[in-house]
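Be aware that the sequence shown starts at 508, since it is given in our numbering, and climbs by one per residue.
Ideal Cβ placement from N, Cα and C applies to all residues, glycine included.
Below is one structure, written out as structure tokens; the observations come after it.
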Amino acid sequence: MTMPSVQVVEIGRYEFKPMPVQPPAEDEVLVRVAVTGLCRTDLKIIQMGHRDLVLPRVPGEEVVGTVEAVGRRVGGVAAGEQVYVYPGIWCGRCPACQSGAENLCHAMQIMGFHRDGGFGPYVRVPAQSVIPLPEGLAAEEAVLAEPLSCCLNALELGRLHPGAKLGIWGAGPAGTLLARAGHALGAEPVNIEPDRRRRDLIGGLESAGTACFDVAVVAVGNQSAYREALTHLAPRGRLVVFSGLPPQDDRPAVSFNQLHYQEQTLVGAYGCCLRHGRDALAMIAEERVPVTDMISHRLPLLQLGKALELVASRAGMKILLDPWQEDSTP
Ligand SMILES: [Zn+2]
């Protein structure tokens, strides 16, 4: 029996749809999806659309699975191997790619946005996008390597150094991973989170108080968090613009004189590079970044509606979806 995929047909509406399984092209692999992660971005692309979304589309940019078939010219990865899928597809030739920032490739194609992603039983991806899982790493832990990769990119751009005071606005899945990655990199992270349920897991603070941070990362999409983070930034501090804002909130919240007199830096962060995926997998496999306690729900993909409600109400932490599980809801 073929399990259905989720296809977003228009903004605000998706369908469960059996999709034909295409054999991989000569430089691609076909991956049987073991687990796919749901994140706030998926809620956003389904309900509101996204700059990079092209419809109709099967979403899902956090994928771990088993290689089912490989294209004629593929070497280095074989059928039966468990792999993590880096969601980006990049050209390798443009200035961004040449500088090691393939996430900013001028021809970037993101799985689940420009190309079909992991909300289905199979996904076809370029062989250059898959990374074999480290020995002994479970698929449901490995799938958190994608959000962790984005956190590593953000901390790299914030030039986080050992001993740095790291302030993170938000303690959802991204905020939690930022804190744990920051700790693994030798910094002193603190999460600022008004929601007690979320704060409790990471032991964060309700407000920043009198704290002053070398690096501040905003992992919540509201401008008041950006304003607050700026007021707690140390001289020469770096504020990482990690979370996007709704278009109506995208107005400058920053005093240029503050940046000038305090020699502070604002830096954007969006997505991740392939090397961040390798680093993230190693950090999870070596238990430098624990993730198992972050998994709050494991649901059949067929219960996507319920899963999206959990994300919208912030009732869960990390929600994992299984495209092969039957929906046992009566
Ligand atoms: Zn490129």
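With contacts defined as CB atoms closer than 8 Å, F749 and A661 qualify as a contacting pair.
In terms of Cβ geometry, C779 and L659 form a close pair [threshold 8 Å]. Nearest C-alpha to E794 among R631, I617 and A691: A691.
Distance between C612 and R622, taken at the CA atoms: about 15 Å. Taking a contact to require three or more Cβ pairs closer than 8 Å, the region 638-656 and the region 780-791 qualify as touching.
Taking the Cα of Y593 as reference, the smallest distance to any Cα among S731, V650, R520 and A726 is reached at V650. Within the same chain, H557 come within 7 Å of K551 by CB-CB distance, once the 5 residues on both sides are set aside.
Residue burial annotation: Y768 is exposed, with fewer than 16 other C-beta atoms found within 10 angstroms of its C-beta.
Judged by DSSP secondary structure, Y733 falls outside any beta strand (DSSP E) and instead within the alpha helix (DSSP H) spanning Q730 to T738. Within 7 Å of the C-beta of A608 there is not a single heavy atom belonging to ligand 1. For C658, the Cβ stays outside the 7 Å cut-off from all heavy atoms of ligand 1. When distances are taken from the beta-carbon of G599 to the heavy atoms of ligand 1, the shortest one is below 7 Å. Beta-bridge analysis with DSSP links R703 to no other residue. Leaving aside the five residues that flank D834 on each side, the residues in its chain whose CB is nearer than 7 Å to its CB run, in chain order, P807, L809 and Q810. In terms of side-chain proximity, the C-beta atom of C546 is found no nearer than 7 Å to any non-hydrogen atom of ligand 1.
Beyond the five residues adjoining it in sequence on each side, Q832 comes within less than 7 Å, by CB distance, of P807 in the same chain, given in chain order. DSSP places F763 in the helix class (H, G or I) of the three-state scheme.
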